[in-house]
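Position one of the sequence shown corresponds to residue -19 (the working numbering), numbered consecutively onward.
Every residue gets a Cβ at the ideal spot worked out from N, C-alpha and C, and that includes glycine.
Since the model is a prediction, treat every value here as computed from it, not as a measurement.
Reading through the structure tokens given below for one structure.
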Amino acid sequence: MGNKRTTYDIVRDMLSLCKEGVMRTNLMIGAKISFDLLKKYLYLLNQWGLIEERGDRKLYLTPKGAIALNLLNKLDEFKKEVSRIETTLNELLPMDSPVVENATLRRIKDLLESKGIPFQLTRKGIRLEGIEICEESSCNKKVFFFKTPRVIIGERFSIYANDKSISILENEKIEKLLQEVIEKR
């Protein structure tokens, strides 16, 4: 099944069918929408002044509707071009690759290795003596309070959360805090 259509997609499809004039039933079939959606969109297109019904009971584009259709077609072309560019970039720069890590997480890993402190690399990040350290993109975002204490690293700030509290720290401070804890060992 294809991607879900946006309102712009449906409006574009309907306006393109109205270019030469179309009956309501054929508009519904051509735009691949239900009768309820047809009523909704016909109301909107009439309110916006994009279509009009003429004496032959067909729906036609107004001059404003022709401009809107032209802009919606251009928008669709731009979206397709952006999608092609993103696909090419993703092939050239695989940002989802495990090699591309958050710089703060990488520095924490390097710090732990340099001090000889045992840790475990997990699918989400690093596990260190009952504390999980992970990137914002790979942590469970739906849960704020965790049974296992967790440090969630974002671009500039990190969040420390356990089953009782949440603290927000700048990334540099979380590294200094971790350095102090390591030096006390």
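Per DSSP, reduced to three states, the secondary structure at Gly105 is strand. Put simply, the backbone Cα of Gly35 is about 17 Å away from that of Leu22. Per DSSP, Cys114 is one residue of the beta strand (DSSP E) stretching across 111 to 115.
For Leu22, the three-state secondary structure derived from DSSP is helix.
Arg130 sits in a strand when the DSSP states are folded into three classes. Glu33 sits in a strand when the DSSP states are folded into three classes.
Linking Pro98 to Glu57 through their CA atoms gives a straight-line distance of about 53 Å. By the Cβ neighbour-count rule, Ser138 is buried, with 16 or more other Cβ atoms within 10 Å of its own. In this structure, DSSP gives Leu73 a state outside helix and strand, which the three-state scheme calls coil. 8 Å or more divides the Cβ of Glu112 from the Cβ of Ile133. In the structure shown, the three-state DSSP call for Glu66 is helix.
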